[in-house]
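Working notes, structure below.
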Amino acid sequence: MSHVEKNKVIEALAAVLDPALGRLGDVTVEGDVVYAAIEVDPARGAALEPMRQAAQTAMESVPGVRQAQAILTAERKAPPELAVKSAPRGGGGFSHKISSRPVAPRVRHIIAVASGKGGVGKSTLAANLAAAFALLGKSTGLLDADIYGASQPIMTGVHTRPETNADDMIVPTSCDIAGRTLKVISMGQFVERGAPVIWRGPMVHSAIQQLFRDVEWGALDVLVVDLPPGTGDAQLSLAQYVPLSGAVIISTPQDVALSEAEKGLRMFEKTKVPVFGIVENMSYHSCENCGHRSEIFGHGGARAAAARLNVPFLGEVPLMPAIRIQADAGLPLVAADPAHPAADVFMNIAARIWAALPDKKAAV
Numbered sequence: 039m040s041h042v043e044k045n046k047v048i049e050a051l052a053a054v055l056d057p058a059l060g061r062l063g064d065v066t067v068e069g070d071v072v073y074a075a076i077e078v079d080p081a082r083g084a085a086l087e088p089m090r091q092a093a094q095t096a097m098e099s100v101p102g103v104r105q106a107q108a109i110l111t112a113e114r115k116a117p118p119e120l121a122v123k124s125a126p127r128g129g130g131g132f133s134h135k136i137s138s139r140p141v142a143p144r145v146r147h148i149i150a151v152a153s154g155k156g157g158v159g160k161s162t163l164a165a166n167l168a169a170a171f172a173l174l175g176k177s178t179g180l181l182d183a184d185i186y187g188a189s190q191p192i193m194t195g196v197h198t199r200p201e202t203n204a205d206d207m208i209v210p211t212s213c214d215i216a217g218r219t220l221k222v223i224s225m226g227q228f229v230e231r232g233a234p235v236i237w238r239g240p241m242v243h244s245a246i247q248q249l250f251r252d253v254e255w256g257a258l259d260v261l262v263v264d265l266p267p268g269t270g271d272a273q274l275s276l277a278q279y280v281p282l283s284g285a286v287i288i289s290t291p292q293d294v295a296l297s298e299a300e301k302g303l304r305m306f307e308k309t310k311v312p313v314f315g316i317v318e319n320m321s322y323h324s325c326e327n328c329g330h331r332s333e334i335f336g337h338g339g340a341r342a343a344a345a346r347l348n349v350p351f352l353g354e355v356p357l358m359p360a361i362r363i364q365a366d367a368g369l370p371l372v373a374a375d376p377a378h379p380a381a382d383v384f385m386n387i388a389a390r391i392w393a394a395l396p397d398k399k400a401a402v
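First residue of the sequence shown? That's 39 in the numbering used here, and the numbers climb one at a time after it.
In structure tokens:
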């Protein structure tokens with residue numbers, strides 16, 4: 039991978055930016071990929087598109103740059119309730135500066151839970167999968183990297199803002215899973231509930247990096263990462279710069295969801311990240327009173343897609359009220375009711391993933 043000098047990028051941008059129209063904000067260099075934020079008056083955003091294009095072209099001309107992205111942003115003057123900034127010791131927070139610390143150095147395996155589109159149950163799977171690993175006796179963490187749609191605070195009952203330790207590392211919040219500890223960090227812990235996170239690409243990129251680098255995860259066997267849906271910048275950033283042991287793809291049975299799930303799988307393949315397999319969520323509904331089974335969204339599509347794409351099929355998660363009830367209650371189903379049939383499905387998926395990991399030694 040080429041080495042790009044950040045000062046050369048800044049010099050190139052300075053040559054094309056008009057200080058009266060835009061001010062250079064964050065410049066991020068990750069290997070041969072470069073991002074730059076240009077702070078402008080939002081009322082003039084459309085008129086300044088030629089300046090943005092000139093800035094992007096200037097970055098692309100810097101030696102070693104393979105990919106560049108320039109964006110126009112007004113986040114510098116965001117309202118206080120939306121600005122997630124560095125906080126003094128004891129408060130936790132984000133600075134939007136990528137740390138030089140290593141990525142989760144004492145974590146044995148990092149597993150991404152991904153989906154091609156939203157609304158297929160990715161976060162529910164991530165929460166129950168993390169809880170299942172904990173119940174299997176593995177030291178486990180859950181990182182909610184869905185910056186715009188953080189839902190793990192609700193699903194795990196963790197709402198308090200994390201603190202920092204003496205080394206200015208953010209300390210994850212501990213969640214009790216049937217007597218075992220699950221470490222949780224979510225963007226939702228740093229903003230007021232219901233407040234939107236209005237950030238551009240480079241800010242999302244740096245926030246995700248901080249969730250890995252500036253959090254004291256400690257020694258873990260497994261860190262489960264709840265990714266944003268889709269195959270955008272956040273997913274690509276994680277796939278390229280985080281040492282993932284592998285990814286799990288979740289989809290519902292419909293063709294429209296499976297089509298998007300395949301895109302997610304292809305992204306991981308292109309970035310050399312192993313795919314543990316596909317999970318079919320909302321696979322069927324089984325009436326808890328009479329046992330009648332209904333395949334509301336169709337059935338078997340994910341299994342067929344897995345066979346076609348030559349990846350394992352990990353299991354069918356039923357559409358059952360108990361899963362939703364426990365998600366809203368803040369305790370994953372596998373911990374609240376381990377004997378529930380759906381809990382057994384989650385436990386089996388976790389066991390299959392653990393068996394597929396190339397190195398199953400304990401964390402150090």
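Using N, Cα and C, we set each Cβ at its ideal position, and we do this for glycine too.
Own chain residues within Cβ distance below 7 Å of residue i, not counting five before or after
i      : result
His378 : Ala360 and Leu371
Ala380 : Val355, Pro356, Met358, Ala360, Ile361 and Leu371
Val158 : Ile288, Ser289, Thr290, Ala295 and Asn319
Pro200 : Gly130, Ile208, Val209, Pro210, Thr211, Ile223 and Gln227
Gly102 : Ser40, His41, Val42 and Asp70
Gly368 : Ile192, Met193, Thr194 and Gly195
Ala93  : Leu51, Val54, Leu55, Ala74, Ile76 and Ala108
Val141 : Phe250, Arg251, Val280 and Pro281
Leu347 : Glu300 and Leu303
Ile148 : Ala142, Leu261, Val263, Val280, Pro281, Leu282 and Ser283
Glu87  : none
Buried versus exposed call for residue i [16 or more other C-beta atoms within 10 Å across all chains shown]
i      : result
Gly302 : buried
His41  : exposed
Gln91  : exposed
Arg37  : What is shown of the chain runs 39 to 402, which leaves residue 37 out entirely.
Asp259 : buried
Arg146 : buried
Gln247 : buried
Ala85  : exposed
Ile363 : exposed
Asp79  : exposed
Ser321 : buried
Pro396 : exposed
Own chain partners of residue i with C-beta closer than 8 Å, once the 5 adjacent residues on each side are dropped
i      : result
Gly353 : Val317, Glu318, Val383, Asn386, Ile387 and Arg390
Ala165 : Leu180, Gln190, Met193, Thr194, Asp264, Ala365 and Pro370
Leu24  : Since the first and last residues shown for the chain are 39 and 402, residue 24 lies out of range.
Residue from the options whose Cα sits closest to the Cα of residue i
i      : options                           : result
Ile192 : Tyr322, Val222 and Leu173         : Val222
Ala394 : Ser283, Gly102, Leu51 and Thr211  : Ser283
Gly60  : Gly368, Leu110, Pro210 and Ala299 : Leu110
Asn203 : Cys213, Gly256 and Leu163         : Gly256
Asn45  : Thr198, Glu87 and Leu62           : Leu62
Ala2   : Ser332, Glu298, Glu87 and Val65   : Within the shown structure, residues of the chain are numbered from 39 to 402, placing residue 2 beyond reach of any answer.
Val253 : Pro143, Leu55 and Ala74           : Pro143
Leu274 : Glu43, Gln105 and Glu49           : Gln105
Leu220 : Leu163, Ala183, Leu249 and Val262 : Val262
Glu300 : Ser321, Ala342 and Ser324         : Ala342
Val349 : Pro57, Cys325, Arg304 and Ala374  : Arg304
His337 : Arg139, Gln292 and Gly217         : Gln292
Three-state secondary structure (DSSP) of residue i
i      : result
Ala377 : coil
Glu68  : strand
Ile287 : strand
Pro354 : The question names Pro, yet the displayed sequence has Glu at residue 354. Note: Glu354 maps to strand in three-state DSSP.
Tyr367 : In the sequence as presented, Tyr is not what sits at residue 367; that position holds Ala. If DSSP states are grouped into helix, strand and coil, Ala367 belongs with the helices.
Phe228 : coil
Ile148 : strand
Asn319 : strand
Arg104 : coil
Lys310 : coil
Val141 : coil
6 Å CB neighbourhood of residue i in its chain, flanking five on each side removed
i      : result
Ala285 : Ala150, Ala152, Phe306, Val311 and Val313
Val408 : Residue numbering for the chain in the displayed model covers 39 to 402; residue 408 lies beyond these limits and cannot be assessed.
Thr178 : Ala168, Phe171, Ala172, Leu220 and Val260
Gly156 : Pro267
Ala188 : Asp182, Ser224, Met225 and Gly226
Nearest-angstrom Cα separation, counted from residue j out to residue i
i      : j      : result
Met97  : Ile185 : 27 Å
Ser224 : Ser161 : 12 Å
Asn327 : Leu173 : 28 Å
Gln107 : Phe351 : 37 Å
Gly226 : Lys308 : 30 Å
Glu49  : Leu55  : 10 Å
Ile76  : Ala53  : 14 Å
Ile215 : Met89  : 52 Å
Val47  : Arg331 : 60 Å
Gly315 : Pro376 : 23 Å
Asp205 : Ala344 : 45 Å
Gln278 : Gly329 : 45 Å
Lys176 : Pro57  : 54 Å
Trp392 : Asp64  : 39 Å
Gly217 : Ala374 : 11 Å
Ser99  : Thr198 : 45 Å
8 Å Cβ cutoff, residue i in contact with chain D
i      : result
Ala165 : Considering every chain present, this structure includes no chain D. It has just one protein chain.
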